Amino acid sequence: MSACAYLPGAWTGVVCERLLALVGPDVEQSTVATLWDVAAAGGGVLDALVELPDEARGAFALVTLSGSGLLHAALRGDVEVLIGTSSGMRAVRAGEESAWTEVTAHDVPQLTLRAAGGAPGSRSPLPLVAGVVLAHELRATADLRGAAPHAFESLDDHEGLTIVTGDLARLRAGIPAPAPAPAPVVAAPPRARLRLSTGLVVPLERTVLIGRAPQVGRVAAHELPRLVTVPSPSLDISRTHAEVRQEGEHVVVTDLESLNGVRVERPGAPARRLHPGEPTVVAAGEVVDLGDGVTFTVDAGA
C-alpha cells in the first residue's frame, strides 16, 4: 500500500511494510508487540497469531500483502474489512461464533479496517507511514497504475483459455468490428430468498456459505460470498457446511464435504441426503436440514 491514514480511537492500529492490523482494546499489549516484531522481521504474521493462546487474541482485523499483489485478510469479532472492487467497496465481517474469517483478493486499490460503532469525535484521518497508534479505523490505498485493470482470476474457461478483460482487448484488436445489433432485453430472473429456522432471511444476491463458523477460500474480491453463521451446540454442523447460490431460475445447494451431511425433505416423500460436492437443485417447498435443528427453505423471488 502506498498511502495509509487512520482515525483515532480506542483500538490499536499496527502499520508496517505489507501489514495492516486493527486489534481490539481487550487484546494484550504483548500480542501487539508480537505482531510488530514478526512483521518487521518478514515472518508469517498469521502463523504467529495461531500459536498464541485464544485469550491473547481477542478481536482483530489483520491484512497482509504480498509482493505479487495478493491480499490476505483475517478477522475476528466486532470489526470489518472493506475491500475496494471495480463496483465499489465490499464489506467482509466475521461471523459471531467463528474463530475467525479469512479472505484473499488480488490487486486491491483501496482497503479499510474498521471497528464496530461510530468513530469518536469527527476528526479527519491522520497520515501514518508506519507505527502503532490508538485507532478506530485504518485506511490504505495502492498505486495500481501499472497493473492490468480488474486483474481477477476468471472462473470461465473457453477452449483452454482463461479470458479476462485484457485478453479480450488483445483478441479484438485483430478482428474487424461488426455493425452493432440491437441487443434483446432479457429480464433477469427474480432473486430467491433463504428462510432459516433461526429467523434470518437471506436474499440470494450472491453465493451464500452457511456453517457454524464459515470461512472464505481464495476468491476474487468482486465475487466475495455472504457468510451466514448458524448455531450448532452439538457441533453437528461443520464450520463451512453448505453453499447456496442461484443459477438462473434455480437455487442450487452443495454439501461442502460436511461431517454430517445435508438432507433435503419434501412433504410426503422420504428425506434424501445430498452427495458431497455435487450441486443439487432445491425447489420451493423443500426443507434443507443442516443438522442440530437448523433448517432453511427457499422462497422463489417475486
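According to our numbering, the sequence shown is numbered sequentially starting from -3.
Here a beta-carbon is modelled for each residue, glycine too, at the ideal position from N, C-alpha and C.
All of these numbers come straight from a predicted model, not from anything done at the bench.
I'd like to check one pair, residue j with residue i: are the Cβ atoms closer than 9 Å?
i, j, result
"residue 194", "residue 209", "no"
"residue 128", "residue 28", "yes"
"residue 291", "residue 283", "yes"
"residue 111", "residue 18", "yes"
"residue 186", "residue 296", "yes"
"residue 138", "residue 5", "no"
"residue 99", "residue 54", "no"
"residue 30", "residue 70", "no"
Looking only at its chain, what residues have a beta carbon closer than 6 Å to the beta carbon of residue i, apart from the 5 residues adjacent to it on each side?
i, result
"residue 120", "none"
"residue 65", "102, 103"
"residue 237", "206, 207, 254, 286"
"residue 294", "188, 247, 278, 280"
"residue 56", "19, 72"
"residue 165", "Low confidence applies here, because residue 165 scores a pLDDT of 37, under 50, leaving its location unreliable and the question unanswered by this model."
"residue 192", "292"
"residue 76", "87, 89, 110"
"residue 261", "267, 283"
"residue 276", "249, 270"
Considering only residues of the same chain and omitting the five flanking positions on each side of residue i, which have a CB-CB separation below 8 Å?
i, result
"residue 274", "250, 251"
"residue 263", "281"
"residue 85", "78, 79, 106, 108"
Closest to residue i by C-alpha separation, out of the options, would be which residue?
i, options, result
"residue 230", "280, 244, 286", "286"
"residue 1", "134, 113, 233", "134"
"residue 33", "86, 126, 3, 71", "126"
"residue 14", "23, 5, 67", "67"
"residue -1", "261, 272, 11", "11"
"residue 16", "196, 124, 200", "124"
"residue 109", "9, 227, 40", "9"
"residue 245", "88, 200, 232, 288", "200"
"residue 233", "288, 88, 113, 86", "288"
"residue 7", "30, 74, 70", "74"
"residue 113", "3, 227, 271, 198", "3"
"residue 220", "239, 227, 197", "239"
"residue 227", "190, 196, 21, 85", "196"
In this structure, does DSSP put residue i in helix, strand or coil?
i, result
"residue 279", "coil"
"residue 291", "strand"
"residue 129", "strand"
"residue 9", "strand"
"residue 25", "helix"
"residue 30", "helix"
"residue -1", "strand"
"residue 201", "coil"
"residue 296", "coil"
"residue 87", "strand"
"residue 62", "coil"
"residue 57", "strand"
"residue 238", "strand"
"residue 4", "strand"
"residue 70", "strand"
"residue 35", "helix"
Taking 7 Å as the limit between beta carbons, can you name the residues of its chain near residue i, skipping five residues before and five after?
i, result
"residue 235", "207, 208, 209, 210, 211"
"residue 21", "6, 7"
Measure how close the beta-carbons of residue i and residue j come, nearest whole angstrom, since I'm counting them as under 8 Å.
i, j, result
"residue 79", "residue 61", "At roughly 12 Å, the Cβ-Cβ gap does not stay under 8 Å, so residue 79 and residue 61 are not in contact."
"residue 259", "residue 265", "Actually they do not touch by this definition, with Cβ atoms about 12 Å apart."
"residue 269", "residue 257", "5 Å"
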